[in-house]
Amino acid sequence: MKYMIAGAGGTGGTIGFFLSKAGRDCTVIARGEHLQVMRKKGLTLRRLWDGSEETVKVSAMSMDEYLATLRNPAAAGQGAPDVIFVCVKGYSLEGMIPFIRECAGPDTVVIPVLNIFGTGAAMQEELPGCYVTDGCIYVSADREAPGRIVQHGPILRILFGARKGQEERKILDDIAEDLNECGITGINSRNIERDALGKFSYVSPAGAAGLYYHGVARDFMHEGEKRDLFVEMIREIEKLAEAMGFPFQQDYVKLNLQIMDGLSEDANTSMQRDVDAGRPSEVDGLVYQVVRTGKKYGVSLPAYEKVAKELMRRGLK
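Per the numbering used here, residue 171 is the first one in the sequence shown, and the count goes up by one each step.
As structure tokens, then:
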């Protein structure tokens with residue numbers, strides 16, 4: 171299969187690294203110095219938990235260059251991709267839609283793996299001629315320098331699938347099998363809305379509590395006020411999921427604490443790193459949207475309301 175990774179940060183870079191290492195036909199879309207370094211030196215993945223690092227050769231292009239190959243039948247890599255992983259931040263998604271619209275063919279599977287819940291359904295409305303699933307990824311990683319990705323813990327799992335009422339396609343099973351062969355746990359979920367909310371029950375509380383306390387993973391690994399807030403927010407997402415019609419069938423408090431406890435002690439979240447660097451962040455989709463959704467469904471979310479109030483006081487948008 172032919173893969174295209176839209177976005178080469180911690181999420182997209184990690185996916186691109188594993189697919190490229192396994193010899194798959196995979197092109198990573200990037201820009202600036204990150205793109206130039208990947209072209210010249212390859213993509214390096216550093217594993218924070220054991221200090222090892224590895225560099226692989228990757229196919230890296232800008233958006234314009236990738237479109238040019240699609241328009242030129244004689245160019246290498248001709249034809250629409252079979253799979254597009256959308257790995258940009260939520261605030262960058264709108265600008266990516268026209269590019270995906272032009273790249274995707276009628277049989278292309280578009281898999282968004284953003285942090286924000288409900289991205290696939292929203293994208294499908296913007297891309298009526300495309301097949302857009304929902305998806306989520308379990309990974310803690312970020313771009314530490316041009317051409318370099320640091321992975322904070324060994325977990326790497328992608329869940330994706332057709333939403334309720336959406337056409338099921340056999341290629342989804344093929345994608346899952348291919349990912350597993352490349353060292354990525356790939357799962358074609360039969361209830362992707364529930365599973366995506368399950369993932370959201372980690373990334374949203376971890377990012378929100380991390381921002382609230384200016385904390386890193388070690389702050390949430392031991393009993394106390396900070397860990398208690400993290401747990402309370404997970405339980406509030408569980409209440410919200412039930413009200414939305416996607417009740418959890420796993421103990422996400424236990425699972426998410428295991429994820430947190432397995433991270434490097436200095437790990438934090440991409441939302442925290444964006445805020446600390448003064449960049450746009452996903453605070454609206456990961457925190458404020460939860461409060462709005464709670465009001466929509468009549469669910470009381472006191473922990474989220476407390477955190478949202480403080481983050482708004484700090485001027486975070």
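Note that beta-carbon positions come from the ideal geometry of N, C-alpha and C, so glycine has one too.
Scanning its chain for C-beta atoms nearer than 7 Å, with the 5 sequence neighbours on each side dropped, one finds around Tyr-467 the residues Leu-410, Ala-413, Met-414, in chain order.
Proximity to His-384 across Gly-464, Lys-424, Asp-436 peaks at Asp-436, based on C-alpha coordinates. The C-beta distance from Trp-219 to Pro-298 rounds to 43 Å, too long to fall under 8 Å, and the pair is not in contact.
Closest option to Pro-417, judged by alpha-carbon separation, among Glu-408, Gly-353, Leu-425: Glu-408. Look at the stretch 270-305 and you find these whole runs of beta strand (DSSP E), each 3 residues long or longer: 279-282. Shown here for Leu-329: same chain residues with a beta carbon closer than 6 Å to its own, the five before and five after excluded, namely Cys-306, Ile-357, Ser-359, Asp-365 in chain order. For Tyr-308, the beta-bridge partners assigned by DSSP are Arg-327. Scanning Val-386, Gly-331, Met-174, Glu-395 for the CA closest to the CA of Thr-289 turns up Gly-331. When the five nearest sequence neighbours on each side are left out, the beta carbons in the same chain lying within less than 6 Å of the beta carbon of Asp-252 are those of Met-171, Lys-172, in order along the chain.
With distances taken between CA atoms, Asp-344 lies nearest to Thr-355 out of Gly-179, Gln-419, Thr-355, Lys-424. The DSSP-derived three-state label of Asp-252 is coil.
Here the alpha carbon of Leu-213 sits roughly 21 Å from the alpha carbon of Asn-350. In this structure, Val-445 lies away from Leu-399, with their beta-carbon atoms at least 8 Å apart. Within the same chain, no residue comes within 8 Å of Glu-264 by CB-CB distance, once the 5 residues on both sides are set aside. Cβ neighbours of Arg-209 within its own chain (closer than 6 Å, five residues either side excluded): Ala-230. Between the beta-carbon of Val-280 and that of Val-302 there is about 4 Å, and that keeps the pair under the 8 Å contact cut. Gly-179 sits close to Cys-257, with the two beta carbons spaced by under 8 Å. In this structure, Gly-317 lies near Lys-211, with their beta-carbon atoms less than 8 Å apart. Distance from the CA of Lys-369 to the CA of Arg-333, rounded to the nearest whole angstrom, comes to 16 Å. When secondary structure is reduced to three states using DSSP, Lys-409 falls in the helix class. Excluding sequence positions up to five before and after Arg-483, its CB lies less than 7 Å from no other CB in the same chain. Judged by DSSP in its simplified three-state form, Arg-217 adopts strand. Counting C-beta atoms within 10 angstroms of its own C-beta, Arg-201 has fewer than 16 neighbours from the protein chains shown and is therefore classed as exposed. In the DSSP annotation of this structure, Val-228 is not part of any beta strand (DSSP E), being labelled neither H nor E.
For Ser-440, the CB contacts under 7 Å within the same chain, skipping 5 residues up- and downstream, are Gly-180, Asp-312 in chain order. Taking Gly-177 as the centre and dropping the five residues before and after it, the same chain places the C-beta of Cys-257, Val-258 closer than 6 Å to its C-beta, in chain order. Classified as buried, Asn-426 has 16 or more neighbouring CB atoms from the shown chains inside 10 Å of its CB. Out of Tyr-261, Val-198, Arg-216, the CA that lies nearest to the CA of Glu-235 is found in Val-198. A residue is called buried once 16 or more other Cβ atoms fall within 10 Å of its Cβ, and Pro-375 is buried on that count. The C-alpha of Glu-406 lies about 16 Å from the C-alpha of Glu-395.
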